[in-house]
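S.K.: Would you mind keeping the following structure in view while I ask a few things?
In UniProt numbering, the protein residues as written are 1 to 166.
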């Protein structure tokens, strides 16, 4: 109640544009994360069920991918909801989450590429009774890894813009 009577400080134009840039980056990161999860679910499930004669994806790899993408999806959704409710996101928190997000997304994308290479690489080993993974699932996996690399670049760009212009 007492806070309502205090005059509000005018927000600098640079800070306002930085805030808009941050929210646009967060929305982009959320959209990419939803796309990544949609692309990666079926390939990771199928790699565990249908590949009998070659190395499978490790559960640790699957957990890393899901934890990174889904975790940062939730974090960014909370940032967007907080912005919609009028909260200001501190600069250090934006930088901290974005740096770790960029690193984790790079690692997850690399793990996806590694899983994809294991699945596709066995096409060259002709063995009897070898069951190959679906080409569609392999294409979905490499597409998800490309979008994960793009999401890492968005996180890195957000760090750059936040450090340079605030």
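In this text, a Cβ means the ideal position worked out from N, Cα and C, and glycines have one as well.
1) Using a threshold of 8 Å, state whether the C-beta atoms of residue 108 and residue 65 are closer than that.
2) Under three-state DSSP, which class holds residue 134?
3) Could you tell me whether the Cβ atoms of residue 145 and residue 99 are closer together than 8 Å?
4) I'd like the list of long-range same chain contacts for residue 155, defined as Cβ closer than 6 Å, with 5 residues on each side in sequence excluded.
5) Could you spell out the range, first to last residue, of the alpha helix (DSSP H) harbouring residue 81?
6) Given a cut-off of 8 Å, decide if residue 163 and residue 95 are closer than it, judged by their beta-carbon atoms.
7) From residue 22 to residue 120, what distance separates their C-alpha atoms?
8) What separation, rounded to the nearest whole angstrom, lies between the Cα atoms of residue 111 and residue 19?
9) Decide if residue 72 is buried, meaning its Cβ has at least 16 other Cβ atoms within 10 Å, or exposed.
10) Buried or exposed: residue 84, going by 16 or more other Cβ atoms within 10 Å of its Cβ?
11) Can you tell me whether residue 90 is helix, strand or coil according to DSSP?
12) Beta carbon of residue 166, beta carbon of residue 39: below 8 Å?
13) Run through DSSP, which three-state label would residue 108 get?
14) Are there 16 or more other CB atoms within 10 angstroms of the CB of residue 50, so buried, or fewer, so exposed?
M.R.: Quick answer:
1) yes
2) coil
3) no
4) 98, 101 and 102
5) 59-84
6) yes
7) 38 Å
8) 33 Å
9) buried
10) exposed
11) coil
12) no
13) helix
14) Unreliable positioning characterises residue 50 in this predicted model, as indicated by a pLDDT of 47, which lies under 50. A coordinate reading is not provided.
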